[in-house]
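Q: Heads up, the sequence shown is in UniProt numbering, so the first residue is 185 and it goes up one at a time. Glycine included, C-beta positions come from ideal geometry on N, C-alpha and C. A quick note: this is a predicted structure, and the numbers were derived from the prediction, not measured.
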Amino acid sequence: FAEGPLAGQRVVISAGPTREAIDPVRYLSNNSSGKMGFALARSAARLGAEVCLIAGPVSLPTPAGVERIDVLSALDMHSAASTALTRCDIFIGTAAVADFRLSSVAEQKIKKDSSGPAPSLALVENPDIIAMVAQHPLRPRRVIAFAAETEHLEQHAGKKLATKQVDAVVANDVSRTDIGFGAEHNEILWVGAHNTVAFGPANKSAVADFILQQIINLDLHHEPS
Ligand code: PMT
């Protein structure tokens, strides 16, 4: 039996980018490395949780004792998250999910035709995974979103807290190269319904420990879920 403050809790964490196919050899994606989500998975397992990590395409080893589900696209991640909801106490959305996908994926590689116009890509919006989780009849007790911002972190995070109906939003400034996407470190602003706390810069493992402590505190302070 696991011991620790998260013993008996099943924690589901999404991590990494998603990849939206254009044709059999091309895609749209972003620079998420998965490091923040994998650090959370490692810390949650260390704190005694049963951890399920839904990982986009990243090249990181699976943390010890963690169950890993690999996905590619936002729709794949949405479906893995829906399935995980049947048994989930805490959901943390660290993944940088693509907001848009191609309205249709070309079956063959798109050919260059220098004499004609450049092809244009028609996009459709992807479903919002964290909002689906937070508003689902099987809603986990705690749902935590991230917010990748380039300015006005607190205001944008506060807006996401309300629209997505999550318990807290972890905002980070992705305009900087020393933290956020791909970096070893992060600096965050935890925006909950009742408190806003800054942490860092620190390595992602320390940031993960801090975020999990904030989640544990939600229950210690008897905040209604
Ligand atoms: O992976 P790393 O290199 O370590 O970098 C970490 C990180 C910068 C990716 C991470 O700290 C971070 O900020 N993750 C959120 C990235 C993001 O997509 O933020 P957003 O503000 O666009 O989305 C807000 C929230 O909605 C996020 O919890 C996101 O997972 C979720 N979302 C967004 C779109 C969508 N279709 N479905 C979602 O669930």
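Along the chain, where does the beta strand (DSSP E) that runs through Val289 open and close?
A: Mapped onto the sequence shown, residue 289 falls at position 105. Val289 -> no beta strand (DSSP E), and no H or E assigned at all.
Q: Tell me the residue span of the alpha helix (DSSP H) that contains Ser266.
A: On the sequence shown, position 82 is the one that residue 266 refers to. Segment 258-268, the alpha helix (DSSP H) holding Ser266.
Q: Whole angstroms are fine: how far does the CA of Ala258 sit from the CA of His405?
A: In the sequence shown, residue 405 corresponds to position 221, counting from 1. In the sequence shown, residue 258 corresponds to position 74, counting from 1. His405 and Ala258: Cα-Cα distance of roughly 35 Å.
Q: Would you report the Cα separation of Cys236 and Lys344, rounded to the nearest angstrom?
A: If you number the sequence shown from 1, residue 236 lands on position 52. If you number the sequence shown from 1, residue 344 lands on position 160. One C-alpha to the other measures close to 24 Å.
Q: Would you give the residue range spanned by the beta strand (DSSP E) that Thr380 belongs to?
A: Here residue 380 corresponds to residue number 196 of the sequence shown, with the count starting at 1. Unbroken beta strand (DSSP E) run through Thr380: 380-387.
Q: Grab me the residues of Lys219's own chain with a C-beta within less than 6 Å of its C-beta, minus the 5 sequence neighbours each way, in chain order.
A: Looking up residue 219 in the sequence shown gives position 35. So the qualifying residues of the chain are Lys388.
Q: Quick check on His369: does DSSP put it in helix, strand or coil?
A: Within the sequence shown, the letter at position 185 stands for residue 369. In this structure, His369 counts as strand in the three-state DSSP scheme.
Q: Is Lys343 near ligand 1, judged by its Cβ being under 7 Å from some heavy atom?
A: Here the question's residue 343 lines up with position 159 in the sequence shown. No, the beta carbon of Lys343 sits no closer than 7 Å to any heavy atom of ligand 1.
Q: Buried or exposed: which applies to Glu371, given that a residue is buried once 16 or more other Cβ atoms fall within 10 Å of its Cβ?
A: Your numbering for residue 371 matches position 187 in the sequence shown. Answer is buried; the Cβ neighbour count reaches 16.
Q: With a threshold of 6 Å on Cβ separation, who are the neighbours of Arg226 within its own chain once the five nearest residues in sequence on each side are excluded?
A: Numbered from its first residue, the sequence shown carries residue 226 at position 42. Pro247.
Q: Tell me the rounded alpha-carbon separation between Glu399 and Leu190.
A: Residue numbering aside, residue 399 sits at position 215 when the sequence shown is read from its first letter. Residue numbering aside, residue 190 sits at position 6 when the sequence shown is read from its first letter. For the record, residue 399 in the displayed sequence is Ile; it is not Glu. Using only the alpha carbons, I get a separation of about 10 Å.
Q: Give the straight-line distance between the Cα atoms of Ala205 and Ala280, rounded to the nearest whole angstrom.
A: As a first step, residue 205 is located in the sequence shown; it is residue number 21 there, counting from the start. As a first step, residue 280 is located in the sequence shown; it is residue number 96 there, counting from the start. Approximately 16 Å, taken between the alpha carbons.
Q: Among residues of its own chain, excluding the 5 on either side of Pro303, which ones have a beta-carbon nearer than 8 Å to its beta-carbon?
A: In the sequence shown, residue 303 corresponds to position 119, counting from 1. Result list for Pro303: Ile294, in chain order.
Q: Can you look up Glu234 in the DSSP assignment and give me helix, strand or coil?
A: Your numbering for residue 234 matches position 50 in the sequence shown. DSSP places Glu234 in strand when its eight states are reduced to three.
Q: Please go through the segment 286-343 and give each complete alpha helix (DSSP H) segment of 4 or more residues, from N-terminal end onward.
A: 313-318
Q: Taking buried to mean at least 16 other C-beta atoms within 10 Å of its own C-beta, is Gly277 buried or exposed?
A: As a first step, residue 277 must be located in the sequence shown, where it is residue number 93. Burial call: buried.
Q: What's the C-alpha gap between Ser287 and Tyr211?
A: For the purposes of this step, residue 287 is taken as residue 103 along the sequence shown, with counting starting at 1. For the purposes of this step, residue 211 is taken as residue 27 along the sequence shown, with counting starting at 1. Approximately 13 Å between the Cα atoms of the pair.
Q: Give every residue of the same chain whose Cβ lies closer than 6 Å to the Cβ of Ala268, excluding the five residues on either side of it in the sequence, and list them in chain order.
A: Residue 268 sits at position 84 when you count from the first residue of the sequence shown. Within the same chain, Cβ atoms closer than 6 Å to the Cβ of Ala268 are found at Val196, Cys236, the five residues on either side in sequence being excluded.
Q: Could you check what DSSP says for Phe185 in three-state terms: helix, strand or coil?
A: Along the sequence shown, one-based indexing puts residue 185 at 1. Reduced to three states, the DSSP call for Phe185 is coil.
Q: Apart from the five residues just before and just after Ala341, which ones in its own chain have a Cβ nearer than 6 Å to its Cβ?
A: Position 157 of the sequence shown, counted from the start, is the residue given in the question as residue 341. Cβ within range, chain order: Ala331, Val353, Ala355, Val375.
Q: Would you decide whether Leu322 is buried or exposed? Buried here means 16 or more other CB atoms lie within 10 Å of its CB.
A: Residue mapping note: residue 322 aligns to position 138 of the sequence shown, counting from 1. Flag for Leu322 reads exposed.
Q: Quick one: what does DSSP say Gly218 is sitting in, helix, strand or coil?
A: For the purposes of this step, residue 218 is identified with residue 34 of the sequence shown, where counting begins at 1. Gly218 carries a coil assignment under DSSP once its states are collapsed to helix, strand and coil.
Q: Per DSSP, which residues does Arg271 bridge with? Please list them.
A: Here residue 271 corresponds to residue number 87 of the sequence shown, with the count starting at 1. Answer by DSSP bridge pairing: none, since Arg271 is not bridged.
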